[in-house]
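Reading through the structure tokens given below for one structure.
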Amino acid sequence: MMQSIHEDQPVAQSGAPLSRAKGAMIMLHGRGATADNILSLAEVFAQPDFAYFAPQAAGRTWYPQSFLAPLEQNEPYLSSALATIGNLFDRLAADHFPPSRAALLGFSQGACLSLEYAARFPQRYGAVLALTGGLIGPEGTKRDYKGSLDGTPVFIGCSDVDFHVPLTRVKESTKILSSMGAEVTERIYPGMGHTINDDEIAQVRAAMVGMMDAA
15 MMQSIHEDQP VAQSGAPLSR AKGAMIMLHG RGATADNILS LAEVFAQPDF AYFAPQAAGR
75 TWYPQSFLAP LEQNEPYLSS ALATIGNLFD RLAADHFPPS RAALLGFSQG ACLSLEYAAR
135 FPQRYGAVLA LTGGLIGPEG TKRDYKGSLD GTPVFIGCSD VDFHVPLTRV KESTKILSSM
195 GAEVTERIYP GMGHTINDDE IAQVRAAMVG MMDAA
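At position 44 of the sequence shown the residue is numbered 58 (the numbering used here), and the sequence of numbers has no breaks.
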């Protein structure tokens, strides 16, 4: 059995209790950050009818190398991170929140994880929201994902000059996820730093409102 790395870490929570929530969101922090860091965005999103869950990565990093490194160099951390997300979706489903009522959001390293999880485990999610990220693996990685995202709204926002995430990987990720049946919105922001801007916040809010309208 694979050694547990992240699964035993705490999960920070905020927002509405699941008993009355109209939507749920799993939030994945970036490298060197914490669950509380990413969870603080819940106040900015200003959607009090959502329940928010932010798992903590062991050592504040989901995987040790760049997301562009050979996949084996990020194991077993990467598999453990993906399992952590899966466990949270299972937990939500047990509380009558299927993936179609839950959003997956991440920033930077967490954004890469969000997209990779959705591609490896495709189904209809409420939304997948990647703030500066792309699918994981080096150039030339075989993207033989199986299954359909079945109309899942996907948002990918990134700078055109981000020093961690090449624009080519953002474009490739958009193309692949679209081919898997996602409804992808890609926004490239000229000269933006490695951060989150107001338009991205607006895109996330719109996706959350759309989830509640569809519930």
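Positions of the beta carbon are idealized from the N, C-alpha and C atoms, including for glycine.
Computed from a predicted structure; not experimentally measured.
In the three-state reduction of the DSSP assignment, ALA35 falls in the coil class. Secondary structure note for ALA132: it is in no beta strand (DSSP E), and the uninterrupted alpha helix (DSSP H) holding it is 123 to 134.
Just so you know, the alpha carbons of TYR91 and PRO112 end up roughly 26 Å apart. Taken in chain order, the unbroken stretches of alpha helix (DSSP H) that lie wholly in the stretch 41 to 73 and span 4 residues or more are 49 to 53, 55 to 59. Listed in chain order, the non-local C-beta contacts of LEU106 below 6 Å within the same chain comprise ALA38, ALA116, local neighbours out to five positions each way being set aside.
Here THR48 has GLN70, ARG74 as same chain residues with Cβ atoms under 7 Å from its own Cβ, once five neighbours each way along the sequence are excluded. Three or more Cβ pairs closer than 8 Å define a contact, and the stretch 169 to 176 meets that threshold against the stretch 195 to 202.
Contact check for MET222 against PHE67 fails: the beta carbons are separated by 8 Å or more. Taking a cut-off of 8 Å for Cβ pairs, the stretch 176 to 187 and the stretch 213 to 227 do not touch, as fewer than three such pairs fall below it. When DSSP reads this structure, GLY120 sits in a beta bridge with LEU42, ALA144. Straight-line measurement puts the Cα of PRO78 at about 8 Å from the Cα of GLN87. In this structure, ARG45 sits near GLN123, with a CB-CB distance shorter than 8 Å. In the DSSP assignment, the residues bridged to GLU197 are PRO167.
Rounded to whole angstroms, the gap between the alpha carbons of ARG138 and ALA132 is 9 Å. Counting along the chain, the unbroken beta strand (DSSP E) around GLN27 starts and ends at 25 to 29.
For TYR91, the enclosing alpha helix (DSSP H) covers residues 91 to 108.
Note on geometry: alpha-carbon atoms of LEU32 and ASP109 lie some 7 Å from one another. CA-CA distance, ALA83 to ARG34, rounds to 42 Å. In the DSSP annotation of this structure, VAL175 is not part of any alpha helix (DSSP H), being labelled neither H nor E. Scanning its chain for C-beta atoms nearer than 8 Å, with the 5 sequence neighbours on each side dropped, one finds around TYR159 the residues ALA133, ARG134, PRO136, ILE190, MET194, in chain order. If you ignore the 5 residues before and after ILE210, its C-beta comes within less than 6 Å of the C-beta of LEU145, all in its own chain and listed in chain order.
With a beta-carbon spacing of about 16 Å, GLY147 and LEU163 fall beyond the 8 Å limit used to define contacts. Looking at the DSSP output, ILE210 shares a beta bridge with no other residue.
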